[in-house]
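Residue numbers (my numbering), protein chains in the order written: chain A, 46 to 483; chain B, 46 to 483.
Here a beta-carbon is modelled for each residue, glycine too, at the ideal position from N, C-alpha and C.
For clarity, every value in this text was computed on a predicted model and none was experimentally measured.
Below: the structure, in structure tokens.
There are 2 protein chains.
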Amino acid sequence: MEIDSTPDLLIHSAGVLPLPKAPRFIGRGWVAIKEGQIQEVAAGDPPSLAARSVINGQGCLVMPGLVNSHIHAPMSLFRGLADDLPLKTWFEDHIFPAEAKWVGEEFVYWGTLLACAEMIRAGTTAFADGYFFEGHVARAARDSGIRALLAQGTLDFPTPDSPSSAAGLRRICDFIETWSGSATIRPALFAHSVYTCSPQLLTRCRDLALKYKVPWVTHLSETREEVEVVSQKYGRTPVNHLENLNLLSSNLIACHCVWLTEAEMDLLAKRGVRVVHNPESNLKLASGVAPIPDLLKRGVPVGLGTDGCASNNNLDLFQEMDFAAKVHKGHRLDPTAMPAETVLEMATLGSARVLGMEAEIGSLEVGKKADVIVVDLNRPHLQPVYNVVSQLVYSAVGADVRDVVIDGRIVMQNRRLLTLDEERILAEARKWRKKIAG
Amino acid sequence: MEIDSTPDLLIHSAGVLPLPKAPRFIGRGWVAIKEGQIQEVAAGDPPSLAARSVINGQGCLVMPGLVNSHIHAPMSLFRGLADDLPLKTWFEDHIFPAEAKWVGEEFVYWGTLLACAEMIRAGTTAFADGYFFEGHVARAARDSGIRALLAQGTLDFPTPDSPSSAAGLRRICDFIETWSGSATIRPALFAHSVYTCSPQLLTRCRDLALKYKVPWVTHLSETREEVEVVSQKYGRTPVNHLENLNLLSSNLIACHCVWLTEAEMDLLAKRGVRVVHNPESNLKLASGVAPIPDLLKRGVPVGLGTDGCASNNNLDLFQEMDFAAKVHKGHRLDPTAMPAETVLEMATLGSARVLGMEAEIGSLEVGKKADVIVVDLNRPHLQPVYNVVSQLVYSAVGADVRDVVIDGRIVMQNRRLLTLDEERILAEARKWRKKIAG
Chain A
46 MEIDSTPDLL IHSAGVLPLP KAPRFIGRGW VAIKEGQIQE VAAGDPPSLA ARSVINGQGC
106 LVMPGLVNSH IHAPMSLFRG LADDLPLKTW FEDHIFPAEA KWVGEEFVYW GTLLACAEMI
166 RAGTTAFADG YFFEGHVARA ARDSGIRALL AQGTLDFPTP DSPSSAAGLR RICDFIETWS
226 GSATIRPALF AHSVYTCSPQ LLTRCRDLAL KYKVPWVTHL SETREEVEVV SQKYGRTPVN
286 HLENLNLLSS NLIACHCVWL TEAEMDLLAK RGVRVVHNPE SNLKLASGVA PIPDLLKRGV
346 PVGLGTDGCA SNNNLDLFQE MDFAAKVHKG HRLDPTAMPA ETVLEMATLG SARVLGMEAE
406 IGSLEVGKKA DVIVVDLNRP HLQPVYNVVS QLVYSAVGAD VRDVVIDGRI VMQNRRLLTL
466 DEERILAEAR KWRKKIAG
Chain B
46 MEIDSTPDLL IHSAGVLPLP KAPRFIGRGW VAIKEGQIQE VAAGDPPSLA ARSVINGQGC
106 LVMPGLVNSH IHAPMSLFRG LADDLPLKTW FEDHIFPAEA KWVGEEFVYW GTLLACAEMI
166 RAGTTAFADG YFFEGHVARA ARDSGIRALL AQGTLDFPTP DSPSSAAGLR RICDFIETWS
226 GSATIRPALF AHSVYTCSPQ LLTRCRDLAL KYKVPWVTHL SETREEVEVV SQKYGRTPVN
286 HLENLNLLSS NLIACHCVWL TEAEMDLLAK RGVRVVHNPE SNLKLASGVA PIPDLLKRGV
346 PVGLGTDGCA SNNNLDLFQE MDFAAKVHKG HRLDPTAMPA ETVLEMATLG SARVLGMEAE
406 IGSLEVGKKA DVIVVDLNRP HLQPVYNVVS QLVYSAVGAD VRDVVIDGRI VMQNRRLLTL
466 DEERILAEAR KWRKKIAG
């Protein structure tokens, strides 16, 4: 019996950037996909155009899908609900009451579908989420076909889905057990922060993460105020507080990490903690500028995230790359502080590392999962092309993505979503707006 | 004889934001355009759909076109040529030699067409430019239908279009005389900076500006190094140097203004100098963060600009608004430092003021020029809509603009450019790339 090597999908006649490195750029090449995996990446023309599906990539660039390593997907339904306010007012008078009042299973499901539609349209093929009713985030993500690491949330006080942290922990176990073994969804857990979770709860989350062999996610040293509050309460900064509890390790995903001392950065590096950089959220909420160049120098794995729509207000990782590349240059008065290549790596392989999926996604290499996007360069703002990485980071936006393949399956073609009913999702978003805004 | 009041163009069934103020938002309304002007803006449905052209704006937002108050249009052909380099290397080893070698009449014409195609596609209906061979910028801008204030450049040493500043000044006079009286193009002059123009040349430029009743444009206090160099050479900072020469006045358009003292800001306000904020360029070239909130507090007219494509690397004012709204919050650790409304005003009425056109453009008011854009809100990243101004500043990108009207003429409809041959322009951009990159 002969083995059929005919690709399921062949993308040809395109520029190909298999890794986030400009020198690896193939001016004209092709990518073959079979059984959800990258079967071949090569220069020139394929030996045959025989394939179940064929995409002509003329004038386009084929590259790894982007990976968003920190969002709160359902909060897309709060996009623009409250902006330009002092942080305390923003959270206490707007976001928290809105969450308490509106967040339920249907809110989470439709909010996540809206977020998935937005992300796929912007070339994001995988994301990491932390929220409540995470099983419904999972349901929506699965329906969209996107890949995801989903973390069920908990904290000390009642949440929209759990009257107590004990109930929250039970929900976490249920969630992880239910979603283990899914092809595209990986479960995890989310302890909101050191200022909303007791040492006991944080330790319990770490223990469950070890038990289930999944990562746990937290917000860490996001604001100066957080560092002050935690230092007053525990006599230690957030990072040192976690170290003292023996909680810093490579299964921790620490989001934001804006306010770190040199010693704390050394510690994060030593413990193998994974970090997510959210530059737009950090600017918009006036949290500050994270010392990402210093973390990268120390070898800390850093991914790129947009954060939720209430603090950005979109999920476009192309725009996030632009911010990440520029803000450190301006902040440090050093135009070499954050090269475009470093940022593109952060949004692909870096985020994949944060999700614990660097062996599977983040680059186009034979045997890796086929999470592939086709960017249309045939546009005035993307010509001429001297350096394709510069173009992606500084000039492109999510709307320049033409086709999206996740796990070998075409989920967007010629900017039409194939897995989701976009009109229905937009109609539901409008319905929620009516309810919430009155 | 009856006067025919039938509109030339009617846009109906749309949300309308006549001024950059959220409370002025009309949930459902219409705009009538006649003889290049706004004839009517009103809520509800128009009394009749009789008009030469009709645009159904269902699910869209009608608003003033954006105004980009500082670019170097032809440099679109250098987009991404040199990035992430120290400023001196960037300019001296890359940009300046490339300009010396390649900038000529055809380069300027095709580069400007590329820039105009990009700007129209991103909802920009007017821009201010400063470059060389400015007559060819004017030719391209006129061909595209866009509105522009175009400033012919000069400096002390030979430029691509003039062997000496004397020849440059003659070119300026010719340019202004040739283009005076155009409907959509206004001529002006551009003295590059205080570190590249002698006091005599600067004074001559100001005198010509007065003679021809046009503004003159310069780069001012863009980098810390500029302030140091000028202070060493003239014993005064750039602003104080201009004040000492009696050159600060309301016909001066000063771009960047990153490094200013409190006293210098007072002086700019007192003299009525107009300022352009270019946050992305300032971050990317590591120039710093301009004290825009402090200038606005003093009543200085501030517009928003993208700067040229070699230092951004696109001309999308929607993205520029996002940067402008976020960077000051992060820099000052104050989430109220730069509200979305202030930024939207900067990109419309503020820039119009800088161009000296605030009576004609920048808002949808009866009798003003009909520079109008239709933004398609029916997209996952733009729903739900709680605050339309937030949505425009934080969530939208140029690609969300569906239709563009300039001077009453539809120049883009359903994202198809009507005045320009986009394929030809892209082909020319690729040709230039081949020549330049070899």
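> Per DSSP, V388 (chain B) forms a beta bridge with which residues?
Replying inline: In the second sequence, residue 388 (chain B) corresponds to position 343, counting from 1. DSSP lists no partner for V388 (chain B).
> So, are the CB atoms of V434 (chain B) and A67 (chain B) less than 8 Å apart?
Replying inline: The count along the second sequence starts at 1 and reaches residue 434 (chain B) at position 389. The count along the second sequence starts at 1 and reaches residue 67 (chain B) at position 22. It is a contact, given that the beta carbons lie within the stated cut-off.
> Taking E386 (chain A) as the reference, which of A:V438, A:R192, A:P380 has the closest Cα?
Replying inline: In the first sequence, the residue the question calls residue 386 (chain A) occupies position 341. For the residues A:V438, A:R192, A:P380, the minimum Cα distance to E386 (chain A) belongs to A:V438.
> Would a C-beta distance cut-off of 8 Å place V449 (chain B) and E85 (chain B) closer than the cut-off?
Replying inline: If you number the second sequence from 1, residue 449 (chain B) lands on position 404. If you number the second sequence from 1, residue 85 (chain B) lands on position 40. In terms of Cβ geometry, V449 (chain B) and E85 (chain B) do not form a close pair [threshold 8 Å].
>> To the nearest angstrom, how far is the alpha carbon of P425 (chain B) from that of V76 (chain A)?
In response: One-based indexing of the second sequence puts residue 425 (chain B) at position 380. One-based indexing of the first sequence puts residue 76 (chain A) at position 31. Pairing P425 (chain B) with V76 (chain A), the inter-Cα distance amounts to about 29 Å.
> Is the number of C-beta pairs between the stretch 191-208 of chain A and the stretch 227-247 of chain A that are closer than 8 Å three or more?
Replying inline: The stretch 191-208 of chain A vs the stretch 227-247 of chain A: in contact.
> Bridge partners of S207 (chain A), per DSSP?
Replying inline: Taking the first residue of the first sequence as 1, we reach residue 207 (chain A) at position 162. Residue pairing from DSSP places S207 (chain A) in a beta bridge opposite A:T204.
>> In whole angstroms, give me the CA-to-CA distance for N358 (chain B) and S332 (chain B).
In response: For the purposes of this step, residue 358 (chain B) is taken as residue 313 along the second sequence, with counting starting at 1. For the purposes of this step, residue 332 (chain B) is taken as residue 287 along the second sequence, with counting starting at 1. N358 (chain B) and S332 (chain B): Cα-Cα distance of roughly 15 Å.
> So, helix, strand or coil for L194 (chain A), using DSSP?
Replying inline: The residue you call residue 194 (chain A) lines up with position 149 of the first sequence. In the structure shown, the three-state DSSP call for L194 (chain A) is strand.
>> Please state the DSSP three-state secondary structure of M120 (chain A).
In response: On the first sequence, position 75 is the one that residue 120 (chain A) refers to. Correct three-state label for M120 (chain A): helix.
>> I'd like the ranges of any beta strand (DSSP E) spanning at least 3 consecutive residues and lying wholly in the stretch 389-437 of chain A.
In response: Restricting attention to beta strand (DSSP E) runs no shorter than 3 residues, the stretch 389-437 of chain A encloses them at 417-421, ordered along the chain.
> From the DSSP output, which residues share a beta bridge with H264 (chain A)?
Replying inline: Stepping through the first sequence from its first residue, residue 264 (chain A) is reached at position 219. A:S238, A:C300, per the DSSP bridge assignment.
>> Can you give me the C-alpha to C-alpha distance between A397 (chain B) and V345 (chain B), rounded to a whole angstrom?
In response: In the second sequence, residue 397 (chain B) corresponds to position 352, counting from 1. In the second sequence, residue 345 (chain B) corresponds to position 300, counting from 1. Distance from the CA of A397 (chain B) to the CA of V345 (chain B), rounded to the nearest whole angstrom, comes to 13 Å.
> For chain A, is any of its Cβ atoms less than 8 Å away from the one on L524 (chain B)?
Replying inline: Residue coverage of chain B in this structure runs from 46 to 483, which leaves residue 524 (chain B) outside it and unanswerable.
>> Taking the alpha carbon of L62 (chain A) as the reference point, which residue from A:E468, A:K413, A:A474, A:L409 has its own alpha carbon closest?
In response: Along the first sequence, read from residue 1 onward, the residue named residue 62 (chain A) stands at position 17. Nearest C-alpha to L62 (chain A): A:L409.
> Is the beta carbon of I455 (chain A) sitting closer than 8 Å to the one on S98 (chain A)?
Replying inline: Stepping through the first sequence from its first residue, residue 455 (chain A) is reached at position 410. Stepping through the first sequence from its first residue, residue 98 (chain A) is reached at position 53. The Cβ-Cβ distance between I455 (chain A) and S98 (chain A) falls below 8 Å.
>> Can you give me the C-alpha to C-alpha distance between I298 (chain B) and A392 (chain B), rounded to a whole angstrom?
In response: Residue 298 (chain B) sits at position 253 when you count from the first residue of the second sequence. Residue 392 (chain B) sits at position 347 when you count from the first residue of the second sequence. Cα to Cα, I298 (chain B) sits roughly 15 Å from A392 (chain B).
> What's the gap between the Cα of L247 (chain B) and the Cα of A186 (chain B)?
Replying inline: Counting from one through the second sequence, the residue named residue 247 (chain B) turns up at place 202. Counting from one through the second sequence, the residue named residue 186 (chain B) turns up at place 141. The alpha-carbon atoms of L247 (chain B) and A186 (chain B) are separated by roughly 27 Å.
> For the stretch 79-93 of chain B against the stretch 312-325 of chain B, are there 3 or more C-beta pairs whose distance is under 8 Å?
Replying inline: The count of Cβ pairs closer than 8 Å, one atom from the stretch 79-93 of chain B and one from the stretch 312-325 of chain B, stays below three, leaving the stretches out of contact.
> With 16 other CB atoms within 10 Å as the buried threshold, where does A54 (chain A) fall?
Replying inline: Numbered from its first residue, the first sequence carries residue 54 (chain A) at position 9. According to the sequence shown, residue 54 (chain A) is Leu rather than Ala. Answer is buried; the Cβ neighbour count reaches 16.
>> For the stretch 326-343 of chain A, list every residue whose C-beta sits within 8 Å of some C-beta in chain B, in sequence order.
In response: Result list: N327, L328, K329, L330, A331, S332, G333, V334.
> Under a three-way DSSP split, which group does P283 (chain A) fall into?
Replying inline: Looking up residue 283 (chain A) in the first sequence gives position 238. DSSP places P283 (chain A) in helix when its eight states are reduced to three.
> Can you tell me the Cα-Cα spacing of E273 (chain B) and A173 (chain B), whole angstroms?
Replying inline: Start at 1 with the first residue of the second sequence, and residue 273 (chain B) comes out as number 228. Start at 1 with the first residue of the second sequence, and residue 173 (chain B) comes out as number 128. Whole-angstrom Cα-Cα distance: 28 Å.
>> With a threshold of 8 Å between beta-carbons, can R231 (chain A) be considered close to chain B, or not?
In response: In the first sequence, counting from the first residue as 1, residue 231 (chain A) sits at position 186. Interface with chain B (8 Å Cβ-Cβ cutoff): R231 (chain A) is excluded.
> Is there contact between the stretch 370-382 of chain B and the stretch 414-433 of chain B, where contact requires at least three CB pairs shorter than 8 Å?
Replying inline: The answer is no - the stretch 414-433 of chain B does not touch the stretch 370-382 of chain B, with fewer than three Cβ pairs under 8 Å.
>> Under DSSP, the alpha helix (DSSP H) around R316 (chain B) begins and ends at which residues?
In response: Numbered from 1 along the second sequence, position 271 holds the residue referred to as residue 316 (chain B). Going by DSSP, R316 (chain B) is part of the alpha helix (DSSP H) stretching over 307-316.
> According to DSSP, is M366 (chain B) helix, strand or coil?
Replying inline: Here residue 366 (chain B) is taken as the residue at index 321 of the second sequence, counted from 1. Helix, per DSSP.
> Hey, how far is the Cα of F141 (chain A) from the Cα of M108 (chain A)?
Replying inline: Position 96 of the first sequence, counting from 1, holds the residue named residue 141 (chain A). Position 63 of the first sequence, counting from 1, holds the residue named residue 108 (chain A). For F141 (chain A) and M108 (chain A), the distance between alpha carbons rounds to 39 Å.
> Distance, Cα to Cα, E80 (chain B) vs A95 (chain B)?
Replying inline: The residue labelled residue 80 (chain B) in the question sits at position 35 within the second sequence. The residue labelled residue 95 (chain B) in the question sits at position 50 within the second sequence. The alpha-carbon atoms of E80 (chain B) and A95 (chain B) are separated by roughly 15 Å.
> Taking C-alpha atoms, which residue in B:P336, B:G401, B:D201, B:K342 lies nearest to N113 (chain B)?
Replying inline: One-based indexing of the second sequence puts residue 113 (chain B) at position 68. For N113 (chain B), the nearest C-alpha among the options comes from B:G401.
> What residues match up with W75 (chain B) in a beta bridge as DSSP calls it?
Replying inline: Sequence index remark: in the second sequence, residue 75 (chain B) carries index 30 (1-based). The secondary-structure analysis by DSSP pairs W75 (chain B) across a beta bridge with B:A87.
> For the putative contact between I100 (chain B) and I71 (chain B), defined by C-beta atoms under 8 Å, what is the C-beta separation to the nearest angstrom?
Replying inline: Residue 100 (chain B) sits at position 55 when you count from the first residue of the second sequence. Residue 71 (chain B) sits at position 26 when you count from the first residue of the second sequence. About 16 Å; that fails the 8 Å criterion.
> At a CB-CB cut-off below 7 Å, which residues of chain A make contact with K146 (chain B)?
Replying inline: Counted from its first residue, the second sequence places residue 146 (chain B) at position 101. Ordered by position in chain A, no residue passes the 7 Å Cβ test against K146 (chain B), which lies about 15 Å from the chain.
> My guess is that E323 (chain A) and H115 (chain A) are in contact by the Cβ rule of under 8 Å, so how many angstroms apart are they, rounded?
Replying inline: Here residue 323 (chain A) refers to the residue found at position 278 when the first sequence is read from its first residue. Here residue 115 (chain A) refers to the residue found at position 70 when the first sequence is read from its first residue. The amino acid at residue 323 (chain A) is misidentified as Glu; the sequence shows Asn. Going by Cβ atoms, the distance from N323 (chain A) to H115 (chain A) rounds to 6 Å, so yes, they are a contact pair.
> Out of A:A482, A:L389, A:A472, A:E468, which has the shortest C-alpha to C-alpha gap to G168 (chain A)?
Replying inline: In the first sequence, counting from the first residue as 1, residue 168 (chain A) sits at position 123. Among A:A482, A:L389, A:A472, A:E468, the Cα nearest to that of G168 (chain A) is on A:L389.
> How many angstroms separate the CA atom of L462 (chain B) from the CA atom of C105 (chain B)?
Replying inline: Translated into the one-based positions of the second sequence, residue 462 (chain B) becomes position 417. Translated into the one-based positions of the second sequence, residue 105 (chain B) becomes position 60. The alpha-carbon atoms of L462 (chain B) and C105 (chain B) are separated by roughly 19 Å.
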